[in-house]
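Quick notes on the structure that follows.
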Amino acid sequence: MLKRCKFIVHYVSKFNVFEQVRYASQILPQFSAEKYNVKRKNFSNVQAADVSYFQSILGNDRVLTDRDEVLPFNIDWIRNCRGQSQVVLKPKTTQEVSEILAYCNKKRLAVCPQGGNTGLVGGSVPVYDEIVINLMLMDKIITLDEISGALVCEAGCVLENLDNYVRGHNLIMPLDLGAKGSCQIGGNVSTNAGGLRLLRYGNLHGSVLGLEAVKADGTVIDCLRSLKKDNTGYHLKHLFIGSEGTLGIVTKVAIHCPVLPKAATLGFFGIKNFENILELYKSAKSSLGEILSAFEMADNLAITQTVKNLNLPNPISDYPFYALVETHGSNEVHDGEKLSNFLNKEMESGLIMDGTVTSDPAKMQTIWNLRESIAASSLVGGYVFKYDVSIPQKHYYDIVPMLKQRLGDKASAVFGYGHIGDGNIHINISVPQYTKEVVSLIEPFIFEEVSKLKGSISAEHGIGFRKPQFIHYSKEPSALGLMRDLKQLMDPNGILNPYKVLPETN
Amino acid sequence: MSRVLVGVKRVIDYAVKIRVKPDKSGVVTDGVKHSMNPFDEIAVEEAVRMKEKKLASEVIAVTCGPTQAQETLRTALAMGADRAIHVEVAGAEYETLQPLHVAKILAKLSQDEKADIVIVGKQAIDDDSNQTAQMTAALLDWPQAVFASKVEKTDSGLTVTREIDGGLEVIKTKLPAVLSADLRLNEPRYATLPNIMKAKKKPLKKVAAKDLGVDLSPRIKVVSVEDPPVRQGGSILPDVDTLVAKLKEGGHV
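Protein chains in written order, with UniProt numbering: chain A, 1 to 506; chain B, 1 to 253.
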């Protein structure tokens, strides 16, 4: 009985986070085009004849035109961006995607490819009336090679479903994100999603073995090999990883799944200051070596706010910083010994002030849930600016106090948390209300500072709709030039996810 | 001050997906992650809180099971129990270990250890029996306060709030007594690192069931363990008329 109860509790709390987000305000967000002053590009408008054509390919059920039905596809999950699309298409096969794109390309109709719509930079929703192509119905698992660990599936498979599936075969997905219950693998690949396991299993440019994508003119590019090694010519799959749907729509993915660790342990520690977090990271790398699978940090406010807003338990009391250290290994005894040596040493040295450590799956889930809920917790009330930057570890936390000082009482909360191991920090700034004045205090200040520290203005969230005008802080003009050339070559009419990634040329 | 005996059971962790053995004799436990029964965690927490409030002088954790069950005792020790007793039951005997056996063991140990209060979880999440507390009380001829959601010390004994169908019942009981912990009694703590380290050095005594004079021969035979039926897929119908037609077709209206 308890099992069911707990399951429901867990489910409800998870559900609540997203519901709260969705209904944080019943008022619809302002149209992105107005909010960010974007001019519509010279695309055709969708006509009744176009809708009829789509219906002839997909049938009536998979072409949404009803205003209420289309609305959720127009709004991103942080309720920051809102597009004006009137048509949502739900293809089931690559062939259908190809036919849709060939038609749109010919008619110069702009499209917005969409997966689970959990992106944080507005890349997954339209800006004007781009036709939404949502891949949720392409959710079939095609093959799983248990020897190599290669999983081949369609782009619309939800990450958590894939993880559950491969776990049944003693494998895990190489990536794990807070949004795993909604995000789709095609979207993960298109945005080169990072997440919680990147430290151990690397990023998608390494894990994706092959993929199939459809170009703007409807050509299907079949790079769906599942080989670890394949040095035959240009590595085209990489063009579709992280290009956020501006060069093509990913329809199938071959991805390498590592072996499910037999032993996993999670520690959650209280730390005195940021310097000690770095010391602890160094020590964890040398003491835990190959079993270290995640090293995450959060400052006091990130945790206390999450505990308060979402009513979650904090396993330990108040500390200035928190570190979360996870190990994945193949032998519980061996891992346990390593971990216990590491803990003994660092308790004694004082780097770890207090903490808890567990290998009970249920407890581990509760602790991970606290970490993963930070992103959603800050959406309760007011408006939140979210930044996802990577900075060399030495200066990882510098920007948070800088912003606190700069914003003073204009911000209700400024906090930082993220993946220390990857040098990736998420900075959240909560304000009572979105105003141009606050924006001007934050942007481009934050990007300039990141650029000075030789960081990246977008570590894992991508550029999307929100950041093209800042991309130059991280990309040289020559690199941007080549990006434009590629776009011109692969999508000459610019119909794929317009207004995103590439900055406007003045 | 009282001495508290807490019964803890090692069960498959509730976050793990349960698989039934192909021969339907039970569920797969090999290589599956186990942890302390969540209701027993609540029982341990309550006992430790009693000690922290100086209502209890000593907390003794007890478990019956194979060697691995000692991990569960170490968890109880890390949460704050003072010492532990591992009643070794392994192999075939463990497979058929039932609440009555455990109740006899707990009854014997509470006499040997001169316990004033026995606390266990209201049920274990693996067999859902909900019998151990009641049977232990009967065997000892002690009062029982089961499904406790609040326990307070009063002059001569305890005032216990019980979760019953449709509400709460408040009862008073003298000591010694047997309690079982319900979900809302408390929220168990996470064992902190220093306590996890200390727990490794706390005393853990091993005894054999037969040394306690308890006969472990099975009283019940498990005939078959089966998965719940798989939910039939639903379908979306275009309109009410079709729905009514379908319901009629299926003989539901």
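Glycine included, each C-beta is placed from N, C-alpha and C at the ideal position.
Check: Would you be able to state if there are at least three C-beta pairs under 8 angstroms between the region 174-189 of chain B and the region 110-117 of chain B?; Outcome: yes
Check: With 9 angstroms as the C-beta to C-beta threshold (strictly closer), list the residues of the region 332-344 of chain A near chain B in chain order.; Outcome: 340, 343 and 344
Check: What residues from the region 359-377 of chain A come within 9 angstroms of chain B, judged by C-beta to C-beta, listed N to C?; Outcome: 359, 360, 361, 362, 363, 364, 365, 366 and 367
Check: Contact defined as beta carbons within less than 8 angstroms: I believe residue 209(A) pairs with residue 254(A). What is the distance between those atoms, to the nearest angstrom?; Outcome: 4 angstroms
Check: Would a check of beta-carbon distances place residue 24(A) closer than 8 angstroms to chain B?; Outcome: With a pLDDT of 43 at residue 24(A), under the threshold of 50, the predicted position of this residue should be treated as unreliable, and no value is reported.
Check: I'd like to know if the region 269-281 of chain A and the region 301-314 of chain A are in contact, where contact means that at least 3 CB-CB pairs between them fall below 8 angstroms.; Outcome: no
Check: Whose Cβ in chain B lies nearer than 8 angstroms to the Cβ of residue 354(A)?; Outcome: 192, 193 and 194
Check: Whole angstroms are fine: how far does the CA of residue 204(A) sit from the CA of residue 136(B)?; Outcome: 57 angstroms
Check: In the DSSP assignment, find the unbroken beta strand (DSSP E) run with residue 42(B) in it and report its ends.; Outcome: Segment 38-52 is the alpha helix (DSSP H) holding residue 42(B); no beta strand (DSSP E) there.
Check: Three or more beta-carbon pairs under 8 angstroms between the region 87-101 of chain A and the region 126-140 of chain A, yes or no?; Outcome: yes
Check: On a CA-only basis, which of 145(B), 28(B) and 172(B) is nearest residue 12(B)? Give me that one, please.; Outcome: 28(B)
Check: Could you tell me the boundaries of the alpha helix (DSSP H) in which residue 404(A) lies?; Outcome: 399-407
Check: Measure the C-alpha to C-alpha separation of residue 80(B) and residue 2(B) and round it to an integer number of angstroms.; Outcome: 16 angstroms
Check: Which ranges would you report for the alpha helix (DSSP H) in the region 319-404 of chain A if only whole runs of at least 4 residues count?; Outcome: 332-349, 361-372 and 374-377
Check: Within its chain, find whatever has a CB closer than 6 angstroms to the CB of residue 22(A); leave out the 5 residues flanking it on each side and keep chain order.; Outcome: Its pLDDT being 42, under 50, residue 22(A) is placed unreliably by the model, and nothing is read from it.
Check: For residue 478(A), which of helix, strand or coil comes out of DSSP?; Outcome: helix
Check: From the beta carbon of residue 357(A), is the nearest beta carbon of chain B less than 8 angstroms away?; Outcome: yes
Check: If you compare alpha carbons, which of 152(B), 69(B), 5(B) and 36(B) is closest to residue 125(B)?; Outcome: 36(B)
Check: How far does the beta strand (DSSP E) with residue 445(A) in it reach, from first residue to last?; Outcome: First-last for residue 445(A): 445-452, but that is the alpha helix (DSSP H), not the beta strand (DSSP E).
Check: Using a Cβ-Cβ distance under 8 angstroms, would residue 94(B) count as near chain A?; Outcome: no
Check: Starting from residue 316(A), find everything on chain B with Cβ-Cβ shorter than 8 angstroms and list it in chain order.; Outcome: 190 and 192
Check: Pull the bridge partners of residue 172(B) from the DSSP assignment, please.; Outcome: 159(B)
Check: Mapping the DSSP letters down to three states, classify residue 457(A) as helix, strand or coil.; Outcome: coil
Check: Please state if the CB of residue 127(A) and the CB of residue 499(A) are separated by a distance shorter than 8 angstroms.; Outcome: yes
Check: Thinking just about the alpha-carbon of each residue, which of 26(B), 83(B) and 33(B) is nearest to the one in residue 201(B)?; Outcome: 83(B)
Check: Opposite residue 145(A) in the DSSP bridges: which residues?; Outcome: 150(A)
Check: According to DSSP, is residue 219(A) part of a helix, a strand, or is it coil?; Outcome: coil
Check: Do you know whose CA, among 129(B), 57(B), 9(B) and 51(B), lies nearest residue 67(B)'s CA?; Outcome: 9(B)
Check: Grouping DSSP H, G and I as helix and E and B as strand, with all else coil, what is residue 31(A)?; Outcome: coil
Check: At the level of alpha carbons, what is the spacing between residue 46(B) and residue 110(B)?; Outcome: 17 angstroms
Check: Going residue by residue through the region 75-122 of chain B, where are the continuous beta strand (DSSP E) segments of at least 3 residues, counting only ones entirely within it?; Outcome: 83-88 and 117-121
Check: Would you call residue 188(B) buried or exposed, if buried means 16 or more other Cβ atoms sit within 10 Å of its Cβ?; Outcome: buried
Check: Entirely within the region 72-130 of chain A and at least 3 residues each: give me those beta strand (DSSP E) ranges in chain order.; Outcome: 111-114
Check: Classify residue 191(B) as helix, strand or coil using the three-state DSSP reduction.; Outcome: coil
Check: Should residue 488(A) go down as buried or exposed, given a rule of 16 or more other Cβ atoms within 10 Å for buried?; Outcome: exposed
Check: CA-CA distance, residue 65(A) and residue 162(B)?; Outcome: 55 angstroms
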